[in-house]
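Below is one structure, written out as structure tokens; the observations come after it.
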Amino acid sequence: MNSSQIIQKNIRYLRTTLGITQEQLAFISGLTSACVSRLERDSKCNPTVQTLDHIAEGLKIQTAQLFDEQLASEEGKCITELQRCMNEIMKLDADKQRDVIHLLDNYIQLGQIF
229 MNSSQIIQKN
239 IRYLRTTLGI
249 TQEQLAFISG
259 LTSACVSRLE
269 RDSKCNPTVQ
279 TLDHIAEGLK
289 IQTAQLFDEQ
299 LASEEGKCIT
309 ELQRCMNEIM
319 KLDADKQRDV
329 IHLLDNYIQL
339 GQIF
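Residue 229 is where the sequence shown starts when you use my numbering, and the numbers rise one by one after that.
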């Protein structure tokens, strides 16, 4: 898979994981919906670094992650989902964050028993 195909796959994967449309990604990235559509489907599209920076910002990731071949793999999907959960946990107050950590610790310990 070449870099363009990896970028296409990752943009589409991350956008759908966030549950947003191409139009919504375009809006939050400051791009046109035609540009986002082209990035996801046209393997001959050669986006500028600035365009990729805008997309990455809209997807709340580092630009380098767009080039990660493993991102849309099963392991990459788990990591992405964990990062999304972590971002949500960080929005909670400290007491609720501790509660979540406690629940996760208990769940992990149960998994080691079974």
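Even for Gly, the Cβ is constructed at its ideal location relative to N, Cα and C.
Owing to the predicted nature of the structure, the values given are computational and were not obtained by experimental measurement.
Provide the residue span of the alpha helix (DSSP H) that contains Glu-268, from first to last.
261-269
Name the residue from Gly-286, Ala-292, Ser-232, Thr-308 whose alpha carbon lies nearest to the alpha carbon of Thr-249.
Gly-286
Counting C-beta neighbours from all protein chains within 10 Å, is the total for Glu-309 16 or more, i.e. buried, or is it exposed?
exposed
State whether the stretch 257-270 contacts the stretch 289-296, with contact taken as three or more CB pairs (one from each stretch) at a distance under 8 Å.
no
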